[in-house]
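Residue numbering for the sequence shown follows the working numbering, starting at 392 and increasing by one per position. Some notes on the structure that comes next.
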Amino acid sequence: MSIFNNFTSFSDHFCYNVNMLNSQKIAANSSFFLLSLVAQKVLSFVYFTLLARGLGVELTGRYFFAISFATMFAVLMDFGLSPVLTKEVVQNKNEQEIYFQQIFSLKLLFTFLSLIFLASINYFFWGNDPVQLLIYLTMLTVAIDSFTLLFYAYIRGQQNLRYESIGTIIFQIIVMIFGLGLLKFTNNLFLLLIVLFAASLFNFLFAGFILRFKFQTKIKFLWHKDLLKKILLIAWPFAVAAIFAKVYAYLDSILLKVFLGDLELGFYSVAYKITFAWQFIPLGLVAALYPAFAHFFKEDKVQLTKVFNRGLLYLSLIAWPLSFGISMQPINKK
């Protein structure tokens with residue numbers, strides 16, 4: 392419980408003006424979202440472990456590669472637009488719906504172009520591989536997730552993480568129940584990826600419903616040249632950072648697939664999931680703090696520095712011992 396107490400006490404140091412949420416609500420949002428990410432990562436790891444046992448190593452490698460390959464290109468669909476939306480919603484309350492509609496329209500274009508690009512690569516590079524059909528399906532799943540991320544980015548700008556937390560948990564429950572149920576009857580990877588697609592579709596509809604009816608935001612097409620230039624100018628650093636992060640996270644899977652094959656990738660994927668599961672710590676922290684950063688950047692640079700340094704301190708207090716503990720685990724040599 393010490394981690395959550397530290398995290399909550401950190402949130403209690405925030406000082407918002409009348410237009411911002413009070414520190415108690417931020418602390419509640421932060422803790423709730425962090426707990427939901429813990430639950431989601433635990434369920435995800437358990438599901439993938441059981442899936443790997445049911446499918447076998449080689450099929451697990453194909454399943455993991457199809458998801459990894461498509462996910463690596465998700466950054467081209469978003470192109471840094473989601474964090475830009477959160478920032479602008481926090482800083483421009485009177486124009487937040489206009490920003491959403493412009494970014495939504497721009498994302499439609501980026502997603503369409505990215506899908507064409509990804510489909511072309513898939514066709515030419517994996518034409519004789521069983522994984523090709525799986526990648527086509529995961530492309531659609533990633534595209535849906537990209538828009539879900541955009542919807543939640545707007546809601547984060549309202550400094551409300553509760554709905555994203557609920558959607559994240561329900562998504563993982565759907566995957567786990569239907570995925571494991573289906574695994575009892577078949578090991579067809581395409582059907583198992585359809586389960587993932589269905590869960591993503593639910594999360595997309597849930598986020599869209601909350602956005603439209605809870606926050607009264609109209610989802611429609613908007614194209615304004617001056618606003619478009621401003622958004623792209625802000626977005627490109629986020630996009631570059633995201634591209635490097637995605638390449639770093641998923642390039643190893645592609646190289647293993649190309650040079651070694653599905654079997655070796657299958658062994659690697661389970662170990663990768665162990666480290667990947669701990670990402671809930673920085674994800675939860677960033678989701679809670681980023682709107683605060685956006686506000687203080689505009690209103691109070693001194694407070695921004697204090698919040699950033701304190702966030703870095705708490706993240707270090709959690710991450711360094713955790714990293715050391717994982718690295719010291721005994722290695723089973725056979």
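C-beta atoms are modelled at their ideal positions from N, C-alpha and C, and glycine is treated no differently. Here the structure is a predicted model, which means the values were calculated and not measured.
(1) Can we say the stretch 440–453 touches the stretch 598–610, given the rule of at least three CB pairs closer than 8 Å?
(2) Can you give the Cα-Cα distance for F684 and V698, rounded to whole angstroms?
(3) Considering R547, what are the terminal residues of the alpha helix (DSSP H) in which it resides?
(4) Can you tell me where the alpha helix (DSSP H) with T559 in it begins and where it stops?
(5) Identify, in the order they occur along the chain, each residue of the same chain with its Cβ nearer than 7 Å to the Cβ of I560, setting aside the five sequence neighbours on each side.
(6) If you draw a straight line from the C-alpha of L624 to the C-alpha of H615, how long is it?
(7) To which residues of the same chain is A654 closer than 7 Å at the C-beta, ignoring the five residues directly before and after it?
(8) Roughly how many angstroms lie between the CA atoms of I564 and Y641, to the nearest whole one?
(9) How would you label Q487, buried or exposed, when you count the other beta carbons within 10 angstroms and need 16 or more for buried?
(10) Count Cβ pairs between the stretch 583–591 and the stretch 506–517 that sit closer than 8 Å; are there 3 or more?
(11) Where do the N-terminal and C-terminal ends of the alpha helix (DSSP H) with N594 fall, by residue?
(12) Step through the CB atoms of chain C and report whether any lies within less than 9 Å of the CB of V649.
(13) In three-state DSSP terms, what is D469?
(14) How long is the line joining the alpha carbons of L713 and I526, rounded to whole angstroms?
(15) Let's see if you can read the secondary structure: which residues bound the alpha helix (DSSP H) around R453?
(16) F658 to A636, Cα distance in whole Å?
(17) So, using beta-carbon positions, are L656 and F464 closer together than 9 Å?
(18) Do you know offhand how far F687's Cα is from L695's?
(19) Out of curiosity, what's the CA-to-CA distance linking L441 and N579?
(20) Identify which residue in T462, V475 and V693 has its Cα closest to the Cα of I494.
(21) Among G548, S644, G702 and S505, which one has its Cα closest to the Cα of T477?
(22) Going by Cα to Cα distance, which pick from G716, F439, L540 and F423 is closest to Y574?
(23) Going straight from the alpha carbon of D643 to that of F595, what length do you get?
(24) When DSSP labels each residue in this structure, what does T577 get in the three-state scheme?
(25) Helix or strand or just coil, what does DSSP make of K616?
(26) Which of the three DSSP states is assigned to L518 in this structure?
(27) DSSP state of K611, grouped into three classes?
(28) Does DSSP put F650 in a helix, a strand or coil?
(29) What's the call for Q492, buried or exposed, on a 16-neighbour Cβ count within 10 Å?
(30) Buried or exposed: C638, going by 16 or more other Cβ atoms within 10 Å of its Cβ?
Quick answer:
(1) Judged by Cβ distances under 8 Å, the stretch 440–453 makes no contact with the stretch 598–610, as fewer than three pairs qualify.
(2) If you take the alpha carbons of F684 and V698, they lie about 8 Å apart.
(3) V522 to G548
(4) R553 to L574
(5) Cβ within range, chain order: S427, A430 and Q431.
(6) 14 Å
(7) The sequence shown places Leu at residue 654, rather than the Ala named in the question. Excluding positions up to five away in sequence, the list reads V448, E449 and G452.
(8) 25 Å
(9) buried
(10) No contact exists between the stretch 583–591 and the stretch 506–517.
(11) L580 to F600
(12) Structure shown: chain C not included; a single protein chain is present.
(13) In the structure shown, D469 adopts helical secondary structure according to DSSP, grouped into three states.
(14) 34 Å
(15) Secondary structure note for R453: its alpha helix (DSSP H) is the uninterrupted segment V448 to M463.
(16) Whole-angstrom Cα-Cα distance: 23 Å.
(17) no
(18) Between F687 and L695, the C-alpha separation is close to 5 Å.
(19) 15 Å
(20) Taking only the C-alpha atoms, the option nearest I494 is V475.
(21) Among G548, S644, G702 and S505, the Cα nearest to that of T477 belongs to G548.
(22) The amino acid occupying residue 574 in the given sequence is Leu; Tyr does not appear at that position. Of the listed residues, the one whose Cα sits closest to L574 is F439.
(23) 29 Å
(24) coil
(25) In the three-state scheme derived from DSSP, where H, G and I count as helix and E and B as strand, K616 is classed as helix.
(26) Note that residue 518 is Gly in the sequence shown here, rather than Leu. Coil, per DSSP.
(27) coil
(28) helix
(29) Answer is buried; the Cβ neighbour count reaches 16.
(30) For clarity, residue 638 is Val in the given sequence; the question names Cys instead. By the 10 Å Cβ count, V638 comes out exposed.
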